[in-house]
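Beneath this line is the structure, given in structure tokens, with notes to follow.
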Ligand code: 5GP
Ligand code: ZN
């Protein structure tokens, strides 16, 4: 796709620090890391987001995320690792080419998901589950 920064990286038109690549996937260091080593796992075939990614690429996408997560663990010894995929502007997506963030986390790194958690009442619990289940069957 024209003017997609990740497509340009995949075509080696733009510099990126590549961790690994195969026929389907490239993994690079994020240019503005949450913590050093923050990696991105990117399918080479352009899709705007995770929902529109070809299903045949999903196994390798997650296998690659696991592979990089293990390499982060053994190289940087973080206390934890987040896997994150932002889908849509309101979910924080800024590059509209599918990618998964693999983020090393440390006990005192200060990042928090500041959540105002909701609770379900009994009928809502069933209502939302039914609504979603209908689309899965
Ligand atoms: P999103 O906000 O879409 O979930 O994540 C996009 C990520 O891509 C951001 O964390 C951002 O720092 C990273 N990014 C944007 N442009 C570039 C670039 O040119 N090179 C690299 N390596 N990362 C980039
Ligand atoms: Zn692209």
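In the working numbering, the protein residues as written are 39 to 175. Idealized CB from N, CA, C, for every residue including glycine.
Nearest to residue i (by Cα), restricted to the options the options
i, options, result
"residue 104", "117, 77, 129", "77"
"residue 134", "85, 57, 122", "85"
"residue 70", "62, 82, 60, 54", "54"
"residue 121", "112, 127, 110, 138", "138"
"residue 118", "148, 97, 125", "148"
First and last residue of the uninterrupted alpha helix (DSSP H) at residue i
i, result
"residue 69", "No alpha helix (DSSP H) contains residue 69, which DSSP labels as neither H nor E."
"residue 153", "Where residue 153 is concerned, there is no enclosing alpha helix (DSSP H), given that its DSSP letter is neither H nor E."
"residue 164", "160 to 174"
"residue 47", "43 to 48"
heavy atom of the ligand ZN below 6 Å from residue i C-beta
i, result
"residue 84", "yes"
"residue 44", "yes"
"residue 135", "yes"
Distance cut-off 6 Å: residue i Cβ against heavy atoms of the ligand 5GP
i, result
"residue 125", "no"
"residue 106", "no"
"residue 132", "yes"
"residue 54", "yes"
"residue 66", "yes"
Identity of the residues DSSP links to residue i by a beta bridge
i, result
"residue 141", "120"
"residue 81", "63"
Run of the beta strand (DSSP E) containing residue i, from where it starts to where it stops
i, result
"residue 58", "56 to 59"
Cβ separation of residue i and residue j, assumed to be a contact under 8 Å, to the nearest whole Å
i, j, result
"residue 49", "residue 64", "The pair is not a contact, with the Cβ atoms about 10 Å apart (cut-off 8 Å)."
"residue 44", "residue 80", "5 Å"
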